[in-house]
Structure formats: structure tokens, C-alpha cells
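In the numbering used here, the protein residues as written are 412 to 1219.
Even glycine gets a Cβ: it sits at the ideal position worked out from N, Cα and C.
Take a look at the structure below.
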Amino acid sequence: MMTTTPSTASPTSVRALFDAMSYGPAPEGDAPARQWIEAHGGVFGHFINGRWVSGSAVFDVFEPATGNRLAQVAQGTAADIEAAVTAARAALPAWRALSDHARARWLYALARGIQKHARHFAVLESLDNGKPIRETRDIDIPLVARHFYHHAGWAQLLGAEFPGHQGYGVVGQVIPWNFPLLMLAWKVAPALAAGNTVVLKPAEFTPLTALRFAELVQEVGLPQGVFNLVTGDGTTGAALVEHPDVDKIAFTGSTDVGRSIRRATAGTGKGLSLELGGKSPFVVFEDADLDSVVEGVVDAIWFNQGQVCCAGSRLLVQEGIAERLVERLKARMEHLRVGHPLDKAIDMGAIIAPVQLERIRSLCAQGVEEGATCWQPSWAVPTEGSFHPPTLFTDVAPSATIAQVEIFGPVLVTLTFRTPEEAVALANNTPYGLAASVWSENINLALDVAPKLKCGVVWINSTNLFDAASGFGGYRESGFGREGGREGMWEYLKPVPAESGAPAPVLDPAGELAPVAASGGEESAIMPPIDRTPKLFIGGKQVRPDSGYSRPVMGADGRLLGEVGDGNRKDLRNAVEAAHAAAGWARLAGHQRAQILYYLAENLSARAGEFAARLSAMTGEVTTTAASEVEAAIARLFTYAAWADKYDGAVHDVPLRGVALAMHEPIGVVGVACPDPSPLLGLVSLVAPLVATGNRVVVIPSERYPLAATDLYSVFETSDLPAGVVNLVTGARDPLSRVLAEHDDVDAVWYVGSREGATAVERASAANLKRTWTEWTPRHWRDPRMGEGRAFLRRATQVKNLWIPYGE
Ligand code: NAI
């Protein structure tokens, strides 16, 4: 509602009337939400196995806008987590056994329930979190309903669209406070749709809408134990993460906690998806529509008080327009309104808690200390509660703390660039990789820049667009896994264990090759003489190991078959460098990569007999078995040559005049530790999908049977494989894998070996949050159902969602 205040200007001047107008209060009523809290006596317990359970201790939850206590909730203990996990486990078989349609009906019921109580949820969320009612009412809650509807659809289509897959089992989910109910929806809807049961731990600052959701679960009559809620702080979250009977953890929150969860789950076999922090660039080229840019910036960094993981917090502006844009932004900032979140006419509400406000203030102070210029509007923010004005920094050095650290508040830092190349370099100058916005009226320029940005979502001439149909998630230290769309569903699914009718792996329980009765003398007699020591293969060249040592390779008959280089840290470093230098591989068309994979297959085929003899001598397999391994490796190369131009992305159907493109991008440089069983086929099965999708690899061949791999480099050399795409470093598998896992320039590690080795890899990967795929149980590589296909391609790529609105 607008009111006018007395003005000294002429009463007939329309301009004067406009200048004098200001906003009157437009409060949304909070009585129903407060009555709901009162009806519970202001104290809430946990929701376990369909019942409310009081906690042994409680803590206070405050209203950020006033600092007043809103309610008390239970502090979950390890015993509460135990009870919740037990309930979820007990509920799993029946939930999983339901028909897809039945699960779809439950998700639909939840979606309807949220819609029916939408305003109640919105007001409660604003009270608890401090975000404007305009946002909870128009963005958060409608998106929550949308997620449940969308995933009711995936539940319905589960069997048809994800054949051979089922839910992980019991899923533990830990969520943050910035979008409390929306994060719940992003987690719970896909988990339930995929047939998992859930234990959720909401953030300690904002548990109320999750508690109201638990009530809704009870109202719609979801089977007991399918959804369980335990409130509490980080220790409760840690207890959930560490619980041995949880099959998968999904986490959204800070990068530091994400790292600790990676370490805590290392070697446990638990599935993991992490959605972490960001420092997302907002790139403005000089031909951009500046009026739209200004509104875009408002939505990028002042939406939700800047407490958004994908907030466009780094404004990168082309030099020629920087001054003009900054002036326009300042003018716009003067007109932003900060105030009580339940006021329908405010733009920004309260910061979540005094501790976060303090963090924002101290980072701003540090910005000034480091020489940047701080600008804030002339008006003051309310003094009661936790409020921070919109803030703009200029004169910021790219290395300044405020340009590097996630502030998680309404603070924008501005940097300038001259050329598109410089923009890309600046944009990628961060360990994070969540999102980016690109603004230009030249669609060619925008679409050229978008794939060069290392992040999971790119918005063209737009920002902060979300929808259940489109995946969301990061690259690099912003975490891994996607939420939303088909790609988000995969995070909650795993292959159904092989049926009893499947062919039995030729493996013993220790994962070693069970020798198929070697027929002795005449087989080894066809071996070529030992006349050379294979070297390492790095950057397309055969090189001697840095250590100056070699390792013996013994044949199945106990004779020395040959020697291979004993690779070390330095060799791996060189190999990683060579792999990075081969970045052009990722830019080749799928068809070109396919040609090279076919050529590899052809050249391997030409030497099949020689490879079979080598395998047979090492492993003791009869030559016919070895020959069939070589044939299977050739077929596998064909499979991925076939896939190279067919692993398409998707066009998501989002509610937007435009398109959202889900593009598969290679992960980058991937370390691969190969299994001992099927030493040739195992290597090819791991390397080919990675290479087919544009990755470059540093391979540690089978430690026990390395000669199959070292023979391969002569095949590489004759097959036009560009230097650095595949690098081979022979040596001790576990120590070398660990080096790769610790290496900051390695983007992912695939490891097949021992459980101890897998644990070490996962633990070490936490430093730069690289993607890992570890396995220590035997895999039947010859069976195409286990040894090849989409599961490998999915792991070899990450999805970038590119939002392109169109129209004048
Ligand atoms: P946080 O990462 O500590 O909290 C997120 C959730 O994790 C909460 O539910 C918390 O109880 C839980 N948690 C904390 N420690 C845990 C542990 N060891 N094991 C399992 N769960 C644990 O984030 P916090 O402290 O609330 O905010 C600090 C900073 O984190 C913010 O300033 C911001 O930079 C970042 N952040 C990023 C978010 C995002 O969406 N990417 C969301 C929230 C915070």
C-alpha cells in the first residue's frame, strides 16, 4: 500500500507527488503460524516411525527479525538417530515393494498437502528464517510443491525409465537453513520417489517447517518409518552420517562440513552427494542490456539476503561499462527496502542469526582493510534483529579475501575485465564451481563463454532460475551430485544386485583371478622372449621412471616375465601435467573421439594373439580364455566408440520461455587404478568410457599383471591417440592411487582394488572434493551388464544445466 507524506513541493506537481510517496506497512498476518507453535506448547520432539518422540534435551529457536525465541526443539542424540535409522530400515522392504504407482500416489498426496497449506508454510518459514514473505510465498513454497509433483512423476515412471535400478535403501539427509523447506523437498522427494526411506536432519536454526512437514506426513498417512525427522545441531548430523546402517548420505551446507562428511564416509561404501558453497561469477559484457543486468544483480545477490549457495556474488564487468553499471546499481540499491520479513513490500529480510551477521560484518571489514571501497545505501537498517544493508565493493583485487571467500550475505564484489578470455579466467579463479550468469545480447558470445565456465549451472541473461525438472549442483569444491530432473534421480538409485541366474564371476573372494587350470608347458612356450623393460607412458612418450627402479613381473609359472617401471609421485605429477596439456581432447567432436577408439580396437585386434599370449603367461589362464579377454576388450572399445557421439544431454521442460539444456561435460583429468582380475579388459573398461566422453586419464595398470597395459602403449602410438590423453604409470597401486587422490589438479579418481585402498582414496579426496568411484568387491568385467554402459558414462561426466531464456 502506498501513502503520501506532506511535501513542501507544489501540490500540483506529479513529480513531487511521486517523490513524496513512500511505502506504508503491508504486514502478512502471522497468527495462524504462532497459534500452531502454541498448540504444541512451543516445544517439539522428533518424528520417528510415524510418532512424535520427545527429546532428552531441547534448544531454542529464534526469530531472526526480532531476536525473540520462537520455539524449542529437541537436540537429537545418537540414540535418537539409532531409533530413526531402525525405523527407516524396518519400513524399507514394504516401501520398496510398493508399485511405482502407489509410491507416486504418496508423493502426489504430499504435493497436494503442501499446496493446501501453502500460506501456513510460507509464514512459518519467514518467521523462522527471516526471509521475505514475498519470497517464501512466491518462490520457496511453490517450488516445494513443484518438486513433490515432479517426483510423483518419476515414482510413476521408475520401473520404465530406470530399469535394473532400485533405491539405495536408508538415506540420511542433512540440510541447511537458507531454504529450509525447499532443501527438504529437494532431498526427500527424489529419495522417496526412488524407493528409499529417509532420516532427515534439518538445520538447527530453522527446523519449524520440517516439523510442520512431518505433521503433514502424518496427516496424509505415509507408512510409518518411511520419513523420519531428527532435529539437532551438527553433532546430530554427524551421528547420522556415521551410522553404519545408512546406505547413502545427501548433504547441503558448507564446504568444510562437506569435506568432513567425505572423510567420515570414506571406505564405508555409502553413497554420497554433496551440494556445497560457491562464489559464483555474474559476467556482464559491454553489449548487455544494462537495465536487465541491474535487476539481475538484485536477484543474484540480494535475493534471500545473499544467503544463497549460488548467489552471483562476484560481478565481473567489461571495463568500458563498469562505471556506468556501478552508478546504476547504486541508484537501484538506494531504493531497495530492508525490513520485517512479513512485510509484503520489502526486498530483503533478516540475516539468519547474529553469528552469521557478525561473520558478514567482519568479512566486510576485512575487505576495507585489504584496500577495497565499500558502498552502502544512505538509509539505515532496523536495529532490532539481525539486518545487514545491501553492500557493494569496488576496487577489489582478484586475490582479495572478499573476492575468494563465500560471504553468504548481501555483499557484492566488483571486478573488471577486458576480453572474453579474461572474463573466463577471472570467473574460474575460484576453487568453487556452482553457478554462473552470463549477460550479453550477443548469443554467440554467451554460448561460447558458457561451456568454458567451470560450474554446474549457467544462466544466460538471467539468474537464480530453479526448477524440479532441471538438475542443480556443482563442479569442483562446490560438491558433486545433482538435485532435480532425471540426473537428480540417479543420485538415489543403484543397480539391482545381479540375479542368481547371472553368470558366476571367475573370481575368488579376495578379488583375485582364480587361475583357470593352466595347461602348462606348451602354452608358455609361445611367449616371446624377454627382451625389453617397458617404460612409463607419459605425454605420448615412453619415459623411464623417475625413481630409477623397476619392478619384476612374475609369470603364473613363477618365472620372471619382465620388468616394469616403479612409478612415483614425480611421475604422476608429470602425467597429470601432460593430461592437462591435452585439454583439446575434450573439445573434439564425439565423432572424432569415436574414430580414434575404433582405430585402437582395430590395432588391438591386429595384435590379438600377442596380447592373449602375454595375458596367459602372466595369469596362467589358458590361451583361449586369454584370447576371449582380448576379444572382449576389443568389443568394449567398440561399445564406447559407439557411445562417443550418442551420450546426449537433454532439453529440460522448465516453466520458462526458453530452454534449459542439460549438457554432459567431461570431468577433466581422472586418475584410474585398475583391477588385477582381467587386467586388460578391466583397464579398457575403465579407460574407454572416460576417454570417449572427453576426459584425460592417468592410469595405474594392474599392479600384479601390468604387462598387458604396457604393451598397449604401442597400440596407442599407432592409433592417432593424441599425446597426454592416456598416460600409464606402473607401480604400487595403493600408494600411487593415494597420490592421485591428494593431487589438487586431478578432478576424479576411479579406484578398483582393496577396501583399505578405497578408504584411503576417499579420505584423501576430501581436500579438493574430487569425485571418486571406488570398488573392492569383484566385478565380472566380461559381462556387459556389469562391465559397460551408462553407469560408466554417467560417472565419467558431469551435467551442466544451461538456462537460455529467449524472446524480445
Ligand atoms: P553448516 O554446513 O555447518 O550446516 C549445514 C547443516 O549441516 C546443518 O544442518 C548442520 O547442523 C549440519 N552439520 C554441521 N556440522 C555437521 C557435521 N559434522 N556432520 C553432519 N552435519 C553437520 O553451515 P552453517 O554453519 O550453518 O553455515 C556456515 C557457512 O556455510 C555459511 O556462512 C555459508 O558460507 C555456508 N553454507 C552454505 C550453504 C549452501 O547452501 N551451500 C548453506 C548453509 C551454509
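For the candidate residues Pro809, Asp658, Ala571, Leu619, whose alpha-carbon lies nearest to that of Phe590? Leu619
Considering only residues of the same chain and omitting the five flanking positions on each side of Glu474, which have a CB-CB separation below 6 Å? Leu481, Leu538
Taking 9 Å as the threshold (C-beta atoms), are His451 and Val641 in contact? no
Just mark Leu569 as buried or exposed, buried being the case when its beta carbon has 16 or more other beta carbons within 10 Å. buried
Let's test the definition: count the other Cβ atoms within 10 Å of the Cβ of Gly782 and tell me whether it reaches 16, buried, or not, exposed. exposed
Please confirm whether Asn607 and Gly867 have their CB atoms less than 9 Å apart. no
Using the three-state DSSP reduction, which class does Glu923 fall into: helix, strand or coil? Per-residue confidence for Glu923 stands at a pLDDT of 34, beneath the threshold of 50, marking its modelled position as unreliable; the derived number appears in the next sentence. It is coil, neither helix nor strand.
Does the separation of the CB atoms of Leu983 and Val1109 fall below 9 Å? yes
Please state whether DSSP places Trp996 in a helix, a strand or coil. helix
When you compare each of Asp758, Arg557, Leu740 to Arg748 by their alpha carbons, which one comes out closest? Asp758
Identify whether Val917 lies in helix, strand or coil by the three-state DSSP scheme. Model confidence at Val917 stands at a pLDDT of 36, short of 50, so the residue's coordinates are unreliable; what they give is reported in the following sentence. Correct three-state label for Val917: coil.
Hey, out of His746, Glu572, Glu817, whose CA is closest to Asp667's CA? Glu817
Enumerate in chain order the residues of its own chain whose CB-to-CB distance from Gly578 is below 7 Å, with the five nearest sequence positions on each side excluded. Arg507, Ala605, Gly606, Asn607, Tyr903, Leu904
Verify the contact flag: Lys981, CB atom, against every heavy atom of the ligand NAI, threshold strictly below 8 Å. no
Just the Cα atoms here: how many angstroms apart are Thr1188 and Glu769? 49 Å
Contact defined as beta carbons within less than 8 Å: I believe Ile712 pairs with Gly541. What is the distance between those atoms, to the nearest angstrom? Rounded, the Cβ-Cβ distance is 17 Å, inconsistent with contact.
Quick check on Gln1003: buried or exposed, where buried means 16 or more other Cβ atoms within 10 Å of its Cβ? exposed
Starting from the C-beta of Ala915, find all residues in its chain whose C-beta is less than 7 Å away, skip the five residues before and the five after it, and write them out in chain order. Residue confidence is low: Ala915 scores 39 on pLDDT, short of 50, so the model does not pin down where it sits. No coordinate-derived value is stated.
Rounded to a whole number of angstroms, what is the C-alpha to C-alpha distance between Gly950 and Val1081? 15 Å
Sheet register partners of His1075 (DSSP bridge): Val1210
Runs of 4 residues minimum, wholly inside the stretch 670-742: which ones carry the alpha helix (DSSP H) assignment? 701-708
May I ask you to report which of helix, strand or coil DSSP gives Leu823? strand
Cα-Cα, which of Ile672, Val822, Pro587 is closest to Leu740? Val822
Environment of Thr784 [buried if 16+ CB atoms lie within 10 Å]: exposed
Ignore the nearest five residues each way along the sequence and tell me which others in Ala913's own chain have a CB closer than 6 Å to its CB. Residue confidence for Ala913 is low, a pLDDT of 42 falling below 50, so the modelled location carries little weight and cannot support an answer.
With hydrogens ignored, establish whether the beta-carbon of Arg770 is closer than 8 Å to any heavy atom of the ligand NAI. yes
Can Pro613 and Ala621 be called in contact, C-beta distance under 9 Å? yes
Residues near Ala1119 by beta carbon distance below 8 Å, same chain, minus five either side: Phe1022, Arg1025, Leu1026, Met1029, Pro1090, Leu1091, Leu1094, Pro1112, Ser1113
With 16 other CB atoms within 10 Å as the buried threshold, where does Leu924 fall? Residue confidence for Leu924 is low, a pLDDT of 33 falling below 50, so the modelled location carries little weight; the figure read from the coordinates is stated next. Buried, because 16 or more other Cβ atoms sit within 10 Å of the Cβ of Leu924.
For Arg1221 versus Ala879, is the C-beta spacing smaller than 9 Å? No information on residue 1221 is available, as it lies outside the stretch 412 to 1219 that the chain covers here.
Coil, strand or helix - Tyr434 by DSSP: strand
For my contact list, Gly882 and Ala699 are in at a C-beta cut-off of 8 Å; report their separation, rounded to the angstrom. With 8 Å as the limit, Gly882 and Ala699 do not qualify as a contact, their Cβ atoms being about 26 Å apart.
With a CB to CB cut of under 8 Å and the five nearest residues on each side skipped, what residues in its chain are close to Gly932? Unreliable positioning characterises Gly932 in this predicted model, as indicated by a pLDDT of 39, which lies under 50. The coordinate reading is nonetheless provided below. Cβ within range, chain order: n/a, list empty.
Helix, strand or coil for Pro752? Go by DSSP, reduced to three states. coil
Please name the residue, chosen from Leu1147, Gln483, Asp1087, Val1033, that lies closest to Val964 on a Cα-to-Cα basis. Asp1087
Does the distance from the CB of Ser684 to the CB of Gly892 come in under 9 Å? yes
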